[in-house]
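Just so you know, the protein sequences line up as chains A and B, in that order. Under the working numbering, the first residue of the first sequence is numbered 1185, with each subsequent residue one higher. Under the working numbering, the first residue of the second sequence is numbered 31, with each subsequent residue one higher. The C-beta atom is built at its ideal place from N, Cα and C for all residues, glycine as well. A quick write-up on the structure given underneath.
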Amino acid sequence: AQTVTQSQPEMSVQEAETVTLSCTYDTSENNYYLFWYKQPPSRQMILVIRQEAYKQQNATENRFSVNFQKAAKSFSLKISDSQLGDTAMYFCAFMKPYGGATNKLIFGTGTLLAVQP
Amino acid sequence: EPEVTQTPSHQVTQMGQEVILRCVPISNHLYFYWYRQILGQKVEFLVSFYNNEISEKSEIFDDQFSVERPDGSNFTLKIRSTKLEDSAMYFCASRWDTELQYQETQYFGPGTRLLVL
């Protein structure tokens, strides 16, 4: 069974600085998807970025980028130029591909990020 | 931009009562999911639904739970006899897919916060 581990329960960063959130996962699959979701105090789940395992290139979305290390089963999220609005819980998630309706997301326990002014 | 909506945003109920949580997925989506998040814990998969039937359910999704798509737009989660431990945030998510291209992203609704007293 797949598992997702986020070893940093809480992190803090100063506004405008860069922070990296860690995520590791365990799977025997060769192809899969990885996601980072953001959950602000409103508790809505917002997709931040996604990565397809068969793509070598790391995904980037504006200030958000990932460092995907397939052999190490590591998927870290880098937030550049941190903003106060980035304060949220961040969840790493795994999904097997092409499974039809059974494409459930498997989430890690989350990292609470606080951006300090 | 289309979004997943959920009602109610908050619900308080007495133990043993039935509750129905409602979701309106994005209109052209075909795959529907319920997840739950107990306060302070990670998001957990409950059930996936496609073509008017359950595709997969977790061990959490016991006989007290049921899902239904009563019309072309709503997707509901019913808890027949609520327990204290059902208190959680319940998220609906949807995804679309075609024969030509796989679409992996699940879009989440804002959640329903259920409190069982």
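Own chain residues within Cβ distance below 6 Å of residue i, not counting five before or after
i	result
Leu1296/A	Glu1194 and Met1273
Val97/B	Val77, Phe79 and Leu107
Sequence-distant residues of its chain with Cβ nearer than 7 Å to residue i (five each side left out)
i	result
Gln133/B	Arg125, Trp126 and Asp127
Glu1213/A	Lys1280
Tyr80/B	Leu60 and Tyr61
Lys1222/A	Ile1230, Val1232, Ala1272 and Tyr1274
Gln1267/A	Glu1199 and Val1299
Phe1259/A	Cys1207, Tyr1209, Leu1218, Gln1235, Val1250, Phe1252 and Cys1276
Ile68/B	Ala118
Tyr120/B	Leu51, Trp64, Arg66, Leu107, Gly141, Thr142 and Leu144
Leu114/B	Met45 and Val146
Pro32/B	Ile56 and Ser57
Glu1201/A	Ser1266
Cut-off 8 Å between Cβ atoms - residues of its own chain near residue i, not counting five sequence neighbours on either side
i	result
Ser39/B	Pro140, Gly141, Thr142 and Arg143
Chain A within 8 Å of residue i, Cβ atoms only
i	result
Phe91/B	no
Phe105/B	no
Thr135/B	yes
Lys113/B	no
Met119/B	yes
Pro140/B	yes
Glu86/B	yes
Ser124/B	no
Chain B within 8 Å of residue i, Cβ atoms only
i	result
Tyr1238/A	no
Gln1228/A	yes
Lys1288/A	yes
Pro1281/A	yes
Arg1234/A	yes
Leu1205/A	no
Thr1271/A	no
Check whether residue i and residue j have beta carbons under 8 Å apart
i	j	result
Val73/B	Tyr61/B	no
Gln1190/A	Phe1278/A	no
Asp1210/A	Lys1257/A	yes
Phe95/B	Ile109/B	yes
Val54/B	Thr35/B	yes
Gln47/B	Thr112/B	yes
Boundaries of the beta strand (DSSP E) in which residue i is found, first to last residue
i	result
Phe79/B	Val73 to Tyr80
Tyr1274/A	Ala1272 to Met1279
Arg1247/A	Run containing Arg1247/A: none; DSSP gives neither H nor E here.
Leu1205/A	Val1203 to Leu1205
Leu144/B	Thr142 to Val146
Ser85/B	Glu83 to Lys87
Gln1267/A	Gln1267/A -> no beta strand (DSSP E), and no H or E assigned at all.
His40/B	His40 to Thr43
Within-8 Å CB hit, residue i to chain E
i	result
Val73/B	Any reference to chain E falls outside this structure, whose protein chains are A and B.
Pairing CB atoms from the segment 1259 to 1268 of chain A with CB atoms from the segment 43 to 51 of chain B, are three or more of them under 8 Å?
The way I'd put it, the segment 1259 to 1268 of chain A doesn't touch the segment 43 to 51 of chain B; fewer than three beta-carbon pairs between them come closer than 8 Å.
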